[in-house]
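Residue numbers (this note's numbering), protein chains in the order written: chain D, 1 to 307; chain W, 1 to 662. In this text, a Cβ means the ideal position worked out from N, Cα and C, and glycines have one as well. Below: one structure, written as structure tokens.
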Amino acid sequence: MSLEVTNISSYETLNSLVIEKKAILFYGETLDNRSQDILDFFSERTEKEQKILYNEETFKVQINDKTYRNIEFENKYIKNLIYDLYYLDATSLGFAELLLILHNLNRLHKNKNKKIKIIYAEPKEYKRGENKEFQDEFDLTTSSGKFQKIPPYSLLIDSTSSEKAILIPFLGFENNRLGRILESDDGARYEKYIPILALPAFEAGWENISLRRHYEELKNTNSIRFSPANNPYEMNKVLDRIYKNERNKNLVLAPIGTKPHAIGAIIFLINKEEKNIRIGLTYDFPKKKDNRTDGIGNIYEYTLKIK
Amino acid sequence: MNTRKLSTIFSKNRTEELPDDIWGKYVLPLNYEEHNLLQFTKSTVVKGGRGSGKTMFLKYHCYPTIFSPKKSELKIDELKNIGLYWRPDTDFSNMITLNYLNKKWKAVFEVYFGLSIFSEFSKLLIKFDESPYANQKHKDMIRELVLPDDLCKLFGMKEKSLVIQLDKECQKYRSELNDWLNYPEGKPPIIFGAKEKILYFINTIIKTVEPFKDSCFHIFIDEFENLTEEQQILINSWIKHSQSPLIFHIAYKKYYEVTSDTNSSEKIVDVNDYRIIDLEVMYEENFDILASEIILSKIQYFFKEEDQKYEVSQISSFEKRKDEKYQNKIKNKVKKIFPSLSIKETTNTLLQDKALGNKLEKLIKDGLKLHGSPLDAKNFICQEKQDKSIINGILLNRQKTNPNDLLEKFEKDDNEFYKKYLNNNLLGAILLLYTSYEQKICPYYAGFERFTLLSQSNIRHLLELCYQSIVEYEKKKNIDMLLINNFHIPTKYQAQAVKLTSKTQINKISSLGQYGKELQKIVIRLGKIFLLSQKRKSQSMAEVNQFTVKGFEIDITDKENSKLINECKIWGILKEESNTKKTTEKDNATTLYILHPIFAPYFGISPRKKRKIDLEYQEFKIIFIDKEEKYQKLYTKYSKAWSIDNNKHSSIYNTNSLLDFM
């Protein structure tokens, strides 16, 4: 039993997508027009659309006016949703929401060959930042939250632990996200880090922005790995390879890169958790800017199967 | 052949970064005896900024260092007070809250803490066995020390289990606790009251064996600021009633606002319940000596050092280290490795550079033009009077100066007249000329004395400056098998390194806490305004790198600004002092904010604490929180007011300077 990516399709417009009717769409905050377009498109075609938000302070999932602790989420909510197909809009759903929905769907439909489709629309363009000297070329977030664990993916590493962990950060455009982890850690929890760069990037050349932004953080590491920006299947494989190479080491993922990378990480985490292998996770819950991107670019449809 | 590069000794290597046993590595500050944590009979709050060596300081007092096999002996006296270090996984402890676990949080936090400390005690005994403690019989007793039945039962261990096996058991329970927290249903895997059980363990087991009969155990909780408020309150309650044989100490970032509440209606109070150690204050005194010893003790294993071994971790070496002769010797040794130029020598370097010489001539010409004087600029420059020639450049750009009178004084070499300007304006004038060329770096920033000025008792900055300087030098030359007496890094490499370090530090600001991006913006905005002031040809206000805010005190209720100011202080970006040097009678500001000197070289401004700018409250707000357009207007306003040539000053900022890194 495992969660697998069985198909990746790419479309130029939403209208090219074939949507099954007895389906539900999970979506998150619609901060820019691409997420709104996706919601509008699905509203006309699917049976139900459900907004899902995770509150990292309370560790609870909010659905309409109800909140669920993560242990209640499966029994009290997901269990009652029986659809042929589940759509997840990864454009608007945050990392934690995607993780928890997939985690619980996987538990619910174990061994049932159930299909899940994740939709992700690339932006046509990211908004440029206003301060060119040191600020990001792309200004994506207003402020950062605290780095937190997301149960059930907690892994304890402190000064008493017998071994430190290996941090696996995914590189995006904003270096301060990795910078913050390293700055606050200061060698206490992580003995080394293996960054993963989105290559090929969504657009040729973006990998250079990402590398340049992370110059300080990367100058002392020689273990950088690569995975295509738009491919969760590859990302899962890259992570698996790292896991096999670093046998018996504690790994902590920091999915602060692209959304498809984050999906790959989620598949890896879920499959490992099923085998009782603890992989840690740290995430900073950035507050995304309203209208931070312009237009819709490529649309990806990732088909996942719960086997 | 030395295969290791000297720079690696100073570079940050994650695995070696924070070893638990820091004996021989930790340079004990000379005023340490007033700050010896283990001599305190009540709790201590250790405060220090980023890079202040807080963790090293705590670890010096803990068992891996006290029992270090690197010591020649371990005396029984040293066992009277023993520290145990605990830095929680704060992402993990953030889950142990009322929000996530309801009322169970307290029991779970106690278990998390308790299991960690029991594990440390078990490791303490294992380390003791490896220590240089001479009495083998005592060691045998400790190895065979058995847990009482009730604790064996609590931890699910076989009867008569050994204390040294407890670590393994605690690690197992910690892992189970982690699993339980992922799905917090039913009871946690184990429940016990941490403080009570630890005290019981100390009194009924540890203190029964000879070497620890009189021991008091000190638990140092690092990163206290990142625990949740309810967790802080619980620990405060332990602090309130701390006494031998179990004393709790906490450490957190200076200026962080933590709660002083306890579980009862009482608060913990300074002096009554705890003492404060401010590491920055501790290091400030004699920082040059401390810095010299840190550098020399690091490089002593690289060079063939004939006459000196640095013993820096032991109290017994204080007598030698406090000796003036020794101190002068080590300071001179480091000054030889990182030589500096005096301001006069800097002047000489400046005028040997043709382009900069031309700039001075141009500055003089501009001044003469201002006065409509027909005099020849060349008359105001003389190789024998280099410093006065540079002063002429700025004096001629002042309205009050009469060029003919000045020329007369210059020709007469009127020392009395120039004295004041040489003292107050020479460095400002030198920096003014250097700011004309982005690629030229003022060598004033080079040298050990400047490194201590730039780092301001921040050890991390100091080491980074040394590291970069050596890297710059290694790019050109092999440092290999040299005797330390022959080794020095020329100022030009150091100056390049300083600028790079400064830039790196600005780049890193965005990673400092939740408001990093805002703080970085503030530093860039302030730095640019200070640079504008630095570019004033008249240098009537030389070396501006501080500010006060008119009437700021009235608006302290402005939460956003107060929060950002406090974040600047927490992360060591701005230093706050009381405004004692009033600029005018109207200057009613009580607080002065100084930009950390480590950022000065990037902007090309002075690192010395000299002058300030009085900002209107609105201007302060623009710099701190407003959008870029408003700031640009303010910037333009100042550049007009100070008659700065607009085309030139802004050019270096219009490109993405980060490209330079690649």
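TODO: Please list the segments of the beta strand (DSSP E) lying wholly inside the segment 468–538 of chain W, counting only runs of 3 or more residues, in order along the chain.
DONE: For secondary structure counted as the beta strand (DSSP E) over 3 or more consecutive residues, the segment 468–538 of chain W holds no complete run.
Open item on the list: Give me the DSSP bridge partner(s) of W:PRO29.
Closed with: Answer is none; W:PRO29 lacks a bridge partner.
Open item on the list: Could you pull the DSSP bridge partners for D:PRO123 from this structure?
Closed with: D:ILE296
Task: Pairwise C-alpha distance: D:VAL252 and D:ALA165 - done: 7 angstroms
Task: Beta-carbon proximity check, W:LEU348 vs W:GLN314, cutoff 7 angstroms - done: It is Asn, not Leu, that sits at residue 348 of chain W in the sequence shown. No, Cβ-Cβ distance for W:ASN348 and W:GLN314 is not below 7 angstroms.
TODO: Note down the Cα distance separating W:LEU396 from W:ASN402, rounded to an integer number of angstroms.
DONE: 8 angstroms
Open item on the list: Here's the rule: buried if 16 or more other CB atoms are within 10 angstroms of the residue's CB, otherwise exposed. What is W:HIS241?
Closed with: It counts as exposed.
- [ ] Anything in chain W within Cβ reach of D:ASN176, meaning under 7 angstroms, just list it in chain order.
- [x] SER510, SER511, GLY516 and LYS517
Task: Identity of the residues DSSP links to W:CYS216 by a beta bridge - done: DSSP lists W:ASN81 as the beta-bridge partner residues of W:CYS216.
TODO: Return the residue from the list W:GLN39, W:GLU311 and W:PHE40 that minimises the CA-CA distance to W:ILE330.
DONE: Nearest C-alpha to W:ILE330: W:GLU311.
Open item on the list: Can you give me the C-alpha to C-alpha distance between W:LYS333 and W:ILE268, rounded to a whole angstrom?
Closed with: 47 angstroms
TODO: Could you tell me which residues DSSP puts in a beta bridge with D:GLU4?
DONE: D:GLU4 is bridged to D:LYS305.
Open item on the list: Quick check on the burial criterion: 16 or more other C-beta atoms within 10 angstroms. Buried or exposed for D:PRO286?
Closed with: buried
Task: Whole-number beta carbon distance between W:ALA589 and W:THR548, since they are thought to touch under 8 angstroms - done: 4 angstroms
TODO: Could you tell me whether the Cβ of D:THR58 comes closer than 7 angstroms to any Cβ of chain W?
DONE: yes
- [ ] Per DSSP, which residues does D:LYS60 bridge with? Please list them.
- [x] D:ASN55 and D:ARG69
- [ ] Answer with buried or exposed for D:GLY205, where buried requires no fewer than 16 other C-beta atoms within 10 angstroms of its C-beta.
- [x] exposed
Open item on the list: Restricting to runs no shorter than 3 residues, where is the beta strand (DSSP E) found entirely within the segment 583–615 of chain W?
Closed with: 591–595 and 611–615
Open item on the list: If the cut-off is 9 angstroms on Cβ atoms, which residues from the segment 88–100 of chain W count as contacting chain D, listed in chain order?
Closed with: PRO88, ASP89, THR90, ASP91, PHE92, SER93, ASN94, MET95, THR97, ASN99 and TYR100
Open item on the list: Within 7 angstroms of any Cβ in chain W, is that where the Cβ of D:LYS343 sits?
Closed with: The first residue shown for chain D is 1 and the last is 307, placing residue 343 of chain D beyond what the model contains.
- [ ] Compute the Euclidean distance between the alpha carbons of W:SER510 and D:GLU216, then round it to the nearest angstrom.
- [x] 12 angstroms
Task: W:TYR418 to W:GLN539 span [Cα, whole Å] - done: 15 angstroms
- [ ] Tell me W:TRP238's beta-bridge partners as DSSP assigns them.
- [x] None; W:TRP238 has no bridge partner.
Task: Identified DSSP bridge partners for D:PRO169 - done: D:ALA254
Open item on the list: Suppose the cutoff is 6 angstroms on Cβ atoms and the five residues either side in sequence are ignored; what does the same chain contact list for W:LYS440 look like?
Closed with: TYR434
TODO: Quick one: using the 10 Å Cβ neighbour count with 16 as the cut-off for buried, is D:ILE82 buried or exposed?
DONE: exposed
Task: Residues bridged to D:TYR87 (per DSSP) - done: D:LEU25 and D:LYS117
Open item on the list: For D:ILE52, would you say it is in contact with chain W, using Cβ-to-Cβ distances shorter than 7 angstroms as the test?
Closed with: no
Task: Interface partners of D:SER9 on chain W, CB under 7 angstroms - done: Per Cβ cutoff of 7 angstroms: no residues; D:SER9 is ~34 angstroms from chain W at best.
- [ ] Below 6 angstroms CB to CB, which residues in the same chain sit around W:LYS610 once its five sequence neighbours on both sides are set aside?
- [x] GLU543
Open item on the list: At a CB distance below 8 angstroms, what residues from the segment 34–52 of chain D approach chain W? Give them in sequence order.
Closed with: none
- [ ] For W:GLU472, count neighbouring C-beta atoms within 10 Å of its own C-beta (all shown protein chains included) and say buried if the count is 16 or more, exposed if not.
- [x] buried
Task: Per-residue contacts from W:TRP180 into chain D (C-beta, under 8 angstroms) - done: Going along chain D, no residue has its Cβ under 8 angstroms from W:TRP180, so there is no contact; the nearest lies around 10 angstroms.
- [ ] Following the continuous alpha helix (DSSP H) through W:TYR274, name the residue where it begins and the one where it ends.
- [x] Premise fails: W:TYR274 lies in the beta strand (DSSP E), 274–278, not in any alpha helix (DSSP H).
Task: Interface partners of W:GLN171 on chain D, CB under 7 angstroms - done: Among the residues of chain D, those whose CB is under 7 angstroms from the CB of W:GLN171 are SER162, following chain order.
TODO: May I ask you to report which of helix, strand or coil DSSP gives W:PHE547?
DONE: strand
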